[in-house]
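At position 36 of the sequence shown the residue is numbered 36 (UniProt numbering), and the sequence of numbers has no breaks.
Ideal Cβ positions, reconstructed from N, Cα and C, are used throughout, including at glycine.
A short worksheet on the structure shown next.
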Amino acid sequence: MMERNVLCKKDELSTGEFKIFQVQRMSIVLVRKKDKYHAIRNWCPHQGAELGKGVLRGAVRPSNRSEYDYDKPAGFLYCPWHHWSFDVENGCSMHDPEKTKVKTYDVKIEGDDVVLYA
């Protein structure tokens, strides 16, 4: 059975902010994008750095010459050691999404609480 874990109140994080939480024996990064919250494991599969000590930002995607296609503002968590980046919605690496992923967790808003079931 999944255990209910209240991480914080929904107004504790502003849009584009993230925070590390300990849930049972797991370290989780909670990210707020507008009115949605995403939880991702606080561990980079490359060499084990804490993703929650990195930065949260969007990404520049390939586009036409002299144009910039900025994708998913506050949508990628960048590893503090080697800047590997992971989509906070699905855990996929920006550069190798099929093979390199980080576990994500379902987050629910219940009243004023941000809740993770694990």
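{"Asked": "Based on Cα-Cα distance, which residue from GLU89, LEU51 and VAL115 lies nearest to GLU80?", "Found": "A small correction: the amino acid at residue 80 is Pro; Glu does not occupy that position in the sequence shown. Closest by alpha carbon: LEU51."}
{"Asked": "Do you know whose CA, among MET26, HIS82, ASN64 and ASP87, lies nearest PRO73's CA?", "Found": "ASP87"}
{"Asked": "Would TYR105 and ALA39 be called neighbours here (beta carbons separated by less than 8 angstroms)?", "Found": "yes"}
{"Asked": "Which stretch, first to last residue, makes up the beta strand (DSSP E) that contains ASP112?", "Found": "First-last for ASP112: undefined, no H or E at that position."}
{"Asked": "Nearest to GLY54 by alpha carbon, out of GLU17, ASN90, ARG25 and ASP35?", "Found": "GLU17"}
{"Asked": "Taking the beta carbon of ARG41 as the centre, do at least 16 other beta carbons fall within 10 Å, making it buried, or is it exposed?", "Found": "buried"}
{"Asked": "What do you reckon, are the CB atoms on HIS82 and HIS46 nearer than 8 angstroms?", "Found": "yes"}
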